[in-house]
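Numbering (the working numbering), first residue to last: 82 to 228. Idealized CB from N, CA, C, for every residue including glycine.
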């Protein structure tokens, strides 16, 4: 094969290989980085929403006054705590896009503690406020106006 034939072969293959390689990198980037990052962001949004929207129920009512509503909210908080804990991604953590495992575990644990405290008729408000504030700090989210 002559040098001219090799050059013309690369001239024919290059327009096909470059878009294929770019497409492959795009798919890998989307699958490995963007998708897990967006999933984590949706979980953070949901946590912020529940802690703000349901704060009246979390903080004020006795469990015995509204057991169905309490069960709905505490199930939602527990579900989000589990999703947060499972949202770990070593690549995104190495890039600093999501918090380290310790932070995810601590925020998740505080969410479980909030859910468990919702069963109580005499809720420890100071602990609930502290947990909500700390979740907001750890995840860098808005959790509403907490005294």
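{"query": "Nearest neighbour of residue 224, chosen from 154, 129, 174 and 192 [CA to CA]", "result": "129"}
{"query": "Candidates 201, 216, 219 and 163, of which the one nearest residue 141 by Cα", "result": "201"}
{"query": "Integer Cβ distance of residue 216 from residue 192, believed to fall under 8 angstroms", "result": "6 angstroms"}
{"query": "Touch test, the region 205 to 212 against the region 178 to 185, Cβ-Cβ under 8 angstroms, three pairs minimum", "result": "no"}
{"query": "Entirely enclosed beta strand (DSSP E) segments - the region 118 to 195, minimum 3 residues", "result": "none"}
{"query": "Beta-carbon spacing of residue 233, residue 165 below 7 angstroms", "result": "Here the chain covers residues 82 to 228 and nothing more, so residue 233 does not appear."}
{"query": "C-alpha distance - residue 233 paired with residue 95, whole-angstrom precision", "result": "Not covered by the structure: residue 233. The range shown for the chain is 82 to 228."}
{"query": "Supposed close pair residue 167, residue 118 - CB separation, criterion 8 angstroms", "result": "With a Cβ gap of about 15 angstroms, residue 167 and residue 118 do not count as contacting."}
{"query": "Beta-carbon gap between residue 188 and residue 220 smaller than 7 angstroms", "result": "yes"}
{"query": "Residue 201 - DSSP class collapsed to helix/strand/coil", "result": "coil"}
{"query": "Contact check, residue 121 vs residue 179, beta carbons under 7 angstroms", "result": "yes"}
{"query": "Residue 213 and residue 138 closer than 7 angstroms at C-beta", "result": "no"}
{"query": "Spatial distance of residue 127 from residue 161 (CA atoms)", "result": "8 angstroms"}
{"query": "Cut-off 7 angstroms between Cβ atoms - residues of its own chain near residue 136, not counting five sequence neighbours on either side", "result": "225"}
{"query": "Exposure label - residue 196; buried when at least 16 CB within 10 Å", "result": "buried"}
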